[in-house]
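Notes follow the structure.
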Amino acid sequence: DIKEEKPEVLEAAAQEYYAKLLEQPSSVAEFFSIPGRKNVKLEASSVRFLPLYGHDSKRTLLVLNDPQQKDTVLAIYLHNSWWTIEDLVKTADLYREGLIQVQTFGEKIVLFVLNYIIFGMQERSLSWDAIFMPHSEKEHAKLFWRSGEAAAFYTVKAKGSLCDEHSSQCYQLPV
1 DIKEEKPEVL
11 EAAAQEYYAK
21 LLEQPSSVAE
31 FFSIPGRKNV
41 KLEASSVRFL
51 PLYGHDSKRT
61 LLVLNDPQQK
71 DTVLAIYLHN
81 SWWTIEDLVK
91 TADLYREGLI
101 QVQTFGEKIV
111 LFVLNYIIFG
121 MQERSLSWDA
131 IFMPHSEKEH
141 AKLFWRSGEA
151 AAFYTVKAKG
161 SLCDEHSSQC
171 YQLPV
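1 is the number of the first residue of the sequence shown in our numbering; add one for each residue after it.
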């Protein structure tokens, strides 16, 4: 489970860590161990900030990219350490089961991982025309928890909200 913290505190720690990576000589390398993979070197060229809520988001998350596949996110930096994608979608709460409304910042991070990283980057077919956009800050969503893991999500789009940022089309009914 992601420990609850103010988003500003998490972002400040990520910015500080990133600044440290920028100044770090390549001879003093740190590595992050990912089960089933070799160790990944932690350096400024392998990390980047992704917007939590889409392109105009003021909230960002520091992510570690696979050095061989730059579009693959391996981990997210939270609470002064790297968390694998697999660990971020797990819970120790035995009562967290079924559909649960996203309310906390930690749940919004889990939604981001499912929505943008797992489905949007890893599972989406390259032949699909549309890319899966990050969940908007103002949209309502629920996470589906099963056997200790967030397995799915759904989003409620309000009537009249824009379909995407590239057109002026709006949803005619809530979806």
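Note that beta-carbon positions come from the ideal geometry of N, C-alpha and C, so glycine has one too. In this text, all values refer to a predicted model and were calculated from it rather than measured experimentally.
- In the structure shown, LYS142 adopts extended strand secondary structure according to DSSP, grouped into three states.
- Distances from the alpha-carbon of LEU21 to those of VAL47, ALA92 and GLN68 put VAL47 closest.
- The C-alpha of LEU114 is placed about 16 Å away from the C-alpha of SER147.
- Nearest to LEU10 by C-alpha distance, out of ILE100, ASP71, TRP145 and LEU62, is LEU62.
- Relative to the Cα of LEU143, the nearest Cα in the group GLU137, ALA13 and ALA151 belongs to ALA151.
- When Cβ pairs closer than 8 Å are counted between the two stretches, the stretch 93-108 is seen not to touch the stretch 62-72, the count staying below three.
- The beta carbons of ILE109 and ILE85 sit no closer together than 8 Å.
- Judged by beta-carbon spacing, VAL89 lies beyond the 8 Å limit of GLU23, meaning their Cβ atoms are not closer than that value.
- Taking the CA atoms as reference points, LYS6 sits about 18 Å from LEU50.
- Between the C-alpha atoms of TRP83 and ILE2 there is a straight-line separation of about 9 Å.
- Counting other Cβ atoms within 10 Å of its Cβ, ARG59 reaches 16 or more and is therefore classed as buried.
- Annotation for HIS140: VAL156 place their beta carbon closer than 6 Å to its own, counting only its chain and skipping 5 residues before and after.
- Following the DSSP letters along the chain, one finds LYS20 in no beta strand (DSSP E) but inside the alpha helix (DSSP H) bounded by residues 7-23.
- Residue environment: ALA14 is assigned as buried (16 or more neighbouring CB atoms within 10 Å of its CB, all protein chains considered).
- In this structure, LEU111 sits near HIS135, with a CB-CB distance shorter than 8 Å.
- Setting aside the 5 residues that flank it on each side, GLN101 is surrounded in the same chain by LYS142, each with a C-beta closer than 6 Å to its C-beta; the list follows chain order.
- For ASN65, the closest C-alpha among the options GLU107, LYS41 and GLY54 is that of LYS41.
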